[in-house]
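First comes the structure, then the notes that go with it.
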Amino acid sequence: MKRGCEIAIVADDLTGALDAAAPFAERGMATRVAITLEGLDAALAAGDAIPRVVAVNTDTRHVARDAAARRAAEATERLLMVRPHLLLKKVDSTLRGQVVAESVAVQRIDGRRLLVCPAVPSQGRFVLGGEVWVEGEPLSASAYARDALSPSLSGSLERAFAEEGVPLVRHVPESSLPLPSTDCVVDAADEATLSSIAKRLLEAPREWLPVCAAGLTHALAQGLAPGPSLAGTVSPPTLSEPIRALLAVGSRSPRARRQLERLGETFSNIAWLSVFDVGRVDAEPGVRVLVPGVSSEATMRAEAVADIMAEAVVAAGGGERGGLLFLSGGDIALAVLARLRGEFIELSGEWCPGVPLGYLNGDVERPVMTKAGGFGQEDLLVRLVERIRHSSRG
Numbered sequence: 001m002k003r004g005c006e007i008a009i010v011a012d013d014l015t016g017a018l019d020a021a022a023p024f025a026e027r028g029m030a031t032r033v034a035i036t037l038e039g040l041d042a043a044l045a046a047g048d049a050i051p052r053v054v055a056v057n058t059d060t061r062h063v064a065r066d067a068a069a070r071r072a073a074e075a076t077e078r079l080l081m082v083r084p085h086l087l088l089k090k091v092d093s094t095l096r097g098q099v100v101a102e103s104v105a106v107q108r109i110d111g112r113r114l115l116v117c118p119a120v121p122s123q124g125r126f127v128l129g130g131e132v133w134v135e136g137e138p139l140s141a142s143a144y145a146r147d148a149l150s151p152s153l154s155g156s157l158e159r160a161f162a163e164e165g166v167p168l169v170r171h172v173p174e175s176s177l178p179l180p181s182t183d184c185v186v187d188a189a190d191e192a193t194l195s196s197i198a199k200r201l202l203e204a205p206r207e208w209l210p211v212c213a214a215g216l217t218h219a220l221a222q223g224l225a226p227g228p229s230l231a232g233t234v235s236p237p238t239l240s241e242p243i244r245a246l247l248a249v250g251s252r253s254p255r256a257r258r259q260l261e262r263l264g265e266t267f268s269n270i271a272w273l274s275v276f277d278v279g280r281v282d283a284e285p286g287v288r289v290l291v292p293g294v295s296s297e298a299t300m301r302a303e304a305v306a307d308i309m310a311e312a313v314v315a316a317g318g319g320e321r322g323g324l325l326f327l328s329g330g331d332i333a334l335a336v337l338a339r340l341r342g343e344f345i346e347l348s349g350e351w352c353p354g355v356p357l358g359y360l361n362g363d364v365e366r367p368v369m370t371k372a373g374g375f376g377q378e379d380l381l382v383r384l385v386e387r388i389r390h391s392s393r394g
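Residue numbers (UniProt numbering): 1 to 394.
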């Protein structure tokens with residue numbers, strides 16, 4: 001019988017599951033992410049042993065409260081069968097989705113004490129006074145609170161959990177203070193604080209259920225495997241000539257649009273394809289960019305755009321072995337990988353922060369990279385294309 005795993009992660013969307021798991025892969029820990037809850041059995045059965053880190057996407061970011069809680073509970077029950085030392089509930093750092101309902105559902109199955117800390121200081125996201133702050137302002141005052149598809153949870157985390165019947169004690173970490181003996185929300189505004197929290201968690205992993213974002217998983221990974229990580233050293237795979245790389249960017253976020261603009265401004269010999277409009281196809285066929293098409297995407301639901309993008313990726317050969325597939329936007333990534341019959345991704349790490357690299361169903365000839373739509377520097381796609389071309393082989 002396969003042994004248990006060290007870390008198990010329940011996440012409500014795919015890019016979140018990958019982002020949370022990638023820091024462990026960067027430090028040499030075998031890491032596998034189930035693309036959907038339905039793919040979890042395949043993820044656990046693959047290979048000779050259960051990996052040290054297993055994550056699962058419940059795909060509940062935009063699902064109603066009760067249904068989201070049920071799926072989170074089911075994921076927990078199935079993950080507990082592999083006896084993880086530490087179980088994590090990954091939530092969005094801007095608290096979109098059914099954060100409280102899912103966290104409480106996981107706790108009711110597992111019984112560990114909640115430690116709520118969705119801070120990601122590297123992205124300007126802190127927990128202060130028991131409330132999330134984003135880039136210097138309370139989350140409730142930010143644009144994230146007005147997300148039309150999935151508005152953020154506003155105000156105090158203490159109040160939100162108390163309304164669900166789980167009161168939290170507010171904790172401000174100090175090196176000499178232990179963690180509380182009950183469910184808590186923990187303030188954090190820097191990496192040192194997260195490292196201190198991670199140290200306490202790893203001293204008693206079976207007592208706590210961290211409700212966190214990628215900030216704390218980075219600190220936990222460093223605590224489990226001290227020393228230099230592979231962060232920033234993981235390169236896109238070396239591709240045979242002629243290069244075949246498909247960049248499917250379906251996110252509507254301003255940051256994703258600007259990344260596409262920079263790519264177009266920098267390279268004149270990349271093929272641009274649109275699923276709705278006739279694109280420029282008279283350029284280099286090796287590196288192609290697939291976008292929804294500005295004339296029609298604004299009038300369509302996100303789910304419809306994702307489905308059409310998935311069909312277009314398959315039609316463009318994005319599922320063929322030997323080529324690189326880059327997917328920007330969580331809904332797009334999930335739709336594409338489902339269409340390609342993906343069950344899990346074997347992670348190797350991050351090419352850059354927020355851009356994990358892995359292999360679909362563990363096949364090294366099917367590399368895939370993902371990115372949350374609103375994440376990354378403006379030149380991210382430019383740097384990616386430069387790196388792909390530089391690392392290709394004849």
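Just so you know, even glycine gets a beta-carbon here, dropped at the ideal spot from N, CA and C. Remember, predicted model here, so these are calculated numbers, not experimental data.
Run of the beta strand (DSSP E) containing residue i, from where it starts to where it stops
{"i": "residue 370", "result": "367–371"}
{"i": "residue 173", "result": "That residue, residue 173, is in no beta strand (DSSP E); it is neither H nor E in DSSP."}
{"i": "residue 274", "result": "270–274"}
{"i": "residue 125", "result": "125–128"}
{"i": "residue 154", "result": "Unbroken run through residue 154: none, as it is neither H nor E."}
{"i": "residue 346", "result": "344–352"}
Alpha helix (DSSP H) segment containing residue i, residue limits
{"i": "residue 20", "result": "14–26"}
{"i": "residue 109", "result": "99–110"}
{"i": "residue 56", "result": "Per DSSP, residue 56 belongs to no alpha helix (DSSP H); it is in the beta strand (DSSP E), 53–57."}
{"i": "residue 196", "result": "191–203"}
{"i": "residue 161", "result": "157–162"}
{"i": "residue 254", "result": "254–266"}
{"i": "residue 215", "result": "214–224"}
{"i": "residue 303", "result": "302–315"}
Sub-9 angstroms separation of residue i and residue j beta-carbons
{"i": "residue 114", "j": "residue 75", "result": "no"}
{"i": "residue 249", "j": "residue 271", "result": "no"}
{"i": "residue 198", "j": "residue 165", "result": "no"}
{"i": "residue 247", "j": "residue 22", "result": "no"}
{"i": "residue 366", "j": "residue 319", "result": "yes"}
{"i": "residue 53", "j": "residue 43", "result": "no"}
{"i": "residue 118", "j": "residue 150", "result": "no"}
{"i": "residue 404", "j": "residue 225", "result": "There is simply no residue 404 to check, as the chain begins at 1 and stops at 394 in what is shown."}
{"i": "residue 267", "j": "residue 82", "result": "no"}
{"i": "residue 66", "j": "residue 259", "result": "no"}
{"i": "residue 130", "j": "residue 158", "result": "yes"}
Option nearest residue i by Cα separation, candidates the options
{"i": "residue 96", "options": "109, 73, 59 and 105", "result": "59"}
{"i": "residue 137", "options": "155, 190 and 390", "result": "155"}
{"i": "residue 210", "options": "186, 193 and 361", "result": "186"}
{"i": "residue 376", "options": "273, 387, 254 and 56", "result": "254"}
{"i": "residue 110", "options": "208, 351, 263 and 269", "result": "208"}
{"i": "residue 38", "options": "5, 349 and 342", "result": "342"}
{"i": "residue 351", "options": "381, 71, 336 and 364", "result": "381"}
{"i": "residue 200", "options": "307, 176, 363 and 5", "result": "176"}
{"i": "residue 103", "options": "311, 213, 266 and 262", "result": "213"}
{"i": "residue 174", "options": "158, 190, 163 and 196", "result": "196"}
{"i": "residue 307", "options": "317, 322 and 275", "result": "275"}
{"i": "residue 190", "options": "262, 120 and 169", "result": "120"}
{"i": "residue 205", "options": "112, 62, 379 and 361", "result": "112"}
{"i": "residue 418", "options": "182, 340 and 216", "result": "Nothing about residue 418 can be read from this structure; the chain reaches only from 1 to 394."}
{"i": "residue 107", "options": "129, 80, 133 and 293", "result": "80"}
{"i": "residue 46", "options": "344, 82 and 309", "result": "344"}
{"i": "residue 49", "options": "4, 84, 68 and 65", "result": "4"}
{"i": "residue 51", "options": "68, 66 and 85", "result": "85"}
{"i": "residue 116", "options": "78, 146, 63 and 172", "result": "172"}
{"i": "residue 218", "options": "64, 362, 61 and 349", "result": "349"}
{"i": "residue 29", "options": "158, 63 and 220", "result": "220"}
{"i": "residue 321", "options": "361, 310 and 292", "result": "361"}
Anticipated Cβ contact below 8 angstroms, residue i with residue j, distance rounded
{"i": "residue 331", "j": "residue 302", "result": "5 angstroms"}
{"i": "residue 313", "j": "residue 290", "result": "6 angstroms"}
{"i": "residue 188", "j": "residue 194", "result": "5 angstroms"}
{"i": "residue 139", "j": "residue 99", "result": "So it is not a contact: roughly 11 angstroms between Cβ atoms."}
{"i": "residue 105", "j": "residue 72", "result": "5 angstroms"}
Proximity test, residue i beta-carbon vs the ligand NAD heavy atom, cut-off 8 angstroms
{"i": "residue 362", "result": "For the ligand NAD, the structure offers nothing, since it holds no ligand at all."}
| request: For the segment 82–96 and the segment 9–16, state whether three or more C-beta atom pairs, one from each stretch, are separated by less than 8 angstroms. | output: yes
| Contact the segment 16–30 vs the segment 338–356: 3+ CB pairs below 8 angstroms | yes
| Counting Cβ pairs closer than 8 angstroms, one from the segment 24–40 and one from the segment 125–140, do we hit at least three? | no
| said: Closer than 8 angstroms is the cut-off here; do at least three beta carbon pairs connect the segment 318–335 with the segment 368–380? | reply: yes
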